[in-house]
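Numbering (the working numbering), first residue to last: 283 to 684. Okay, structure first, notes after.
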Amino acid sequence: MPPTGTTNVVLRGNMGKNCEQGDCPFGSGSGYQGVVEFRFDSQNYYQIGILNQGNVTWGPEIVVLGTHLGNPFRVTQPLVTDAQKAANANIIQKMQSNQKVDLDEQHYIKDFCHLIKAQWTRNYIRFVVDNTRVFGGYNFTAGDKNGPSITFMAAAQNPNDAVNVVFDNLNISGKVPGSTVFIPQGKPYAMITANMKDNGYGVGHSSYIKLHDDHGTAVSAGIQTAQTAPETGGNPYYISGRMSAGIFDYDYVQPADFNWHNLRIEWWKENGWAVIWADGKPIANMKAKLSGRIYASVEGNAAQNGDYVHAYFSGVEAQIGHGGGDCGFHHEWGLQGTYGLQARKTGANSFEVEGQAQGIPAGKDWDTTLVGGVAMIWQYLPENRQSGQCMTSSWSQDPAHR
Numbered sequence: 283m284p285p286t287g288t289t290n291v292v293l294r295g296n297m298g299k300n301c302e303q304g305d306c307p308f309g310s311g312s313g314y315q316g317v318v319e320f321r322f323d324s325q326n327y328y329q330i331g332i333l334n335q336g337n338v339t340w341g342p343e344i345v346v347l348g349t350h351l352g353n354p355f356r357v358t359q360p361l362v363t364d365a366q367k368a369a370n371a372n373i374i375q376k377m378q379s380n381q382k383v384d385l386d387e388q389h390y391i392k393d394f395c396h397l398i399k400a401q402w403t404r405n406y407i408r409f410v411v412d413n414t415r416v417f418g419g420y421n422f423t424a425g426d427k428n429g430p431s432i433t434f435m436a437a438a439q440n441p442n443d444a445v446n447v448v449f450d451n452l453n454i455s456g457k458v459p460g461s462t463v464f465i466p467q468g469k470p471y472a473m474i475t476a477n478m479k480d481n482g483y484g485v486g487h488s489s490y491i492k493l494h495d496d497h498g499t500a501v502s503a504g505i506q507t508a509q510t511a512p513e514t515g516g517n518p519y520y521i522s523g524r525m526s527a528g529i530f531d532y533d534y535v536q537p538a539d540f541n542w543h544n545l546r547i548e549w550w551k552e553n554g555w556a557v558i559w560a561d562g563k564p565i566a567n568m569k570a571k572l573s574g575r576i577y578a579s580v581e582g583n584a585a586q587n588g589d590y591v592h593a594y595f596s597g598v599e600a601q602i603g604h605g606g607g608d609c610g611f612h613h614e615w616g617l618q619g620t621y622g623l624q625a626r627k628t629g630a631n632s633f634e635v636e637g638q639a640q641g642i643p644a645g646k647d648w649d650t651t652l653v654g655g656v657a658m659i660w661q662y663l664p665e666n667r668q669s670g671q672c673m674t675s676s677w678s679q680d681p682a683h684r
């Protein structure tokens, strides 16, 4: 791995018959865990994961262990409340004594999905779980000048225990060469493009374009400056983002600057692939299962109270559909803003987002709540496709898709 960087990975339970409904735990029996290990050398390593030990933990908990300033440590944090622990203990004891567990005892916690983010330098690492729980930073002195090796592990405690963990949505950003970007065949189903320029000051500010649906799934691309990102050194970077099932992960793609740049997102409905373009070159791709009604937006953000952003967008264009019965986007853009940031329309296809963030609740920032100004359009509802409200496809007027 690079000497400084960020890794995002989702630990997802994969044991159960109703995984799509969220009833999909990491395992079964007296104990099981899924763990990610970051090893810098033989003396400096860190593990973070989800542990469930039945009648020891009475539910899942986060476990972090490693060394801090040369001293070993182990930190745990429950993922359940005391009331849930008590309920779990009652159910587990019934199961162990072969008593009947009533169907209405569905409060038994079957925790199944968590995002783990790690940020490191040559002598420091910290972890963030689900964008809200912070562990570290932890300091160390590693003999290796390179970054860590990363290992994904799962284990069951005793015979007859079982574990089944998927390590999903993995991405790694840092000072490493980029990989080849896969571009699907055929025309994309949806697209948004804009010329953008990002300016501001403080801990963090950004400018984005985005495609998203009504079900918590989104793809985004932008320019972001974040003083807390070790792999960027606090400099502006192109960034790709994805929201899936309420979990947000991102990747710093390559250096940017404070000048004008054209960004474009294209999304293929048939296979779920999205491709991000910067100044006419593909720089990143990802999979995102957008479904139903699609929205397109431009957005400016600030990281925390006191941060200022001024995001500029021109030549904004959004298209959707392959023609025929596909519903197009509405003509009018809606504007909204939160925590002191406002979006305004400055021309036929131009917008600005400006403001200084204020009033963000304690303990929250742009990772856990929307701190931004947004200009958005939405797709006509598919059930209206026969009513005359659906717009005709405009792909034929787009030189990139003739």
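Cβ atoms here follow ideal geometry from the backbone N, Cα and C, with glycine treated the same way.
Contact check, residue i vs residue j, beta carbons under 8 Å
{"i": "Phe-357", "j": "Phe-417", "result": "Per the sequence shown, the amino acid found at residue 357 is Val instead of Phe. Result yes, Cβ atoms of Val-357 and Phe-417 sit closer than 8 Å."}
{"i": "Leu-493", "j": "Ile-547", "result": "yes"}
{"i": "Tyr-314", "j": "Ala-438", "result": "yes"}
{"i": "Leu-397", "j": "Val-292", "result": "yes"}
{"i": "Ile-505", "j": "Ala-538", "result": "yes"}
{"i": "Gly-247", "j": "Val-635", "result": "Nothing in the structure corresponds to residue 247, since the chain is present only between 283 and 684."}
{"i": "Asp-561", "j": "Asn-413", "result": "no"}
{"i": "Arg-296", "j": "Val-447", "result": "It is worth fixing the name first, because residue 296 is Asn in this sequence and not Arg. Yes, the Cβ-Cβ distance between Asn-296 and Val-447 is below 8 Å."}
{"i": "Leu-545", "j": "Ala-600", "result": "no"}
{"i": "Val-591", "j": "Gly-482", "result": "yes"}
{"i": "Pro-470", "j": "Trp-559", "result": "no"}
{"i": "Gly-516", "j": "Gly-429", "result": "no"}
{"i": "Phe-394", "j": "Met-478", "result": "no"}
{"i": "Leu-361", "j": "Gly-341", "result": "yes"}
Cβ-based neighbour list, residue i, same chain, cut-off 6 Å, excluding 5 preceding and 5 following
{"i": "Tyr-406", "result": "Gly-419 and Asn-421"}
{"i": "Ala-508", "result": "Gly-486"}
{"i": "Arg-408", "result": "Gln-401, Gly-418 and Gly-419"}
{"i": "Asp-647", "result": "Ala-585 and Gln-586"}
{"i": "Ala-593", "result": "Asp-480, Ser-489, Gly-582 and Val-635"}
{"i": "Val-463", "result": "Pro-564 and Asn-567"}
{"i": "Leu-617", "result": "Ala-625 and Ala-657"}
One or two residues paired with residue i in a DSSP bridge
{"i": "Val-291", "result": "Ile-398"}
{"i": "Phe-308", "result": "The partner list for Phe-308 (beta bridge, DSSP) is empty, contrary to what the question assumes."}
{"i": "Val-557", "result": "Glu-548 and Asn-567"}
{"i": "Asp-647", "result": "Asp-647 is not bridged to any residue."}
{"i": "Ser-431", "result": "Arg-321"}
{"i": "Ile-332", "result": "Gly-316 and Ile-344"}
{"i": "Trp-542", "result": "Partner(s): none; Trp-542 has no beta bridge."}
{"i": "Gly-482", "result": "Val-591"}
Contact set for residue i: own chain, Cβ-Cβ below 7 Å, skip 5 residues either direction
{"i": "Gln-359", "result": "Glu-343, Ile-344 and Arg-415"}
{"i": "Thr-423", "result": "Asn-405"}
{"i": "Pro-466", "result": "Trp-550, Asn-553 and Trp-555"}
8 Å CB neighbourhood of residue i in its chain, flanking five on each side removed
{"i": "Asn-440", "result": "Gly-311, Ser-312 and Gly-313"}
Does the contact criterion of 3 or more C-beta pairs under 8 Å hold for the stretch 428-437 versus the stretch 309-322?
yes
Quick check for students: name the residue ranges of the beta strand (DSSP E) that lie wholly in the stretch 590-635, counting only runs of 3 or more.
590-602, 616-619 and 623-629
Do three or more CB pairs link the stretch 489-503 to the stretch 513-525 at distances below 8 Å?
yes
Does the stretch 597-617 come within contact of the stretch 509-521, defined as at least 3 CB pairs closer than 8 Å?
no
Counting only runs of 3+ residues fully inside the stretch 485-527, write out the beta strand (DSSP E) ranges in chain order.
486-494, 500-508 and 519-526
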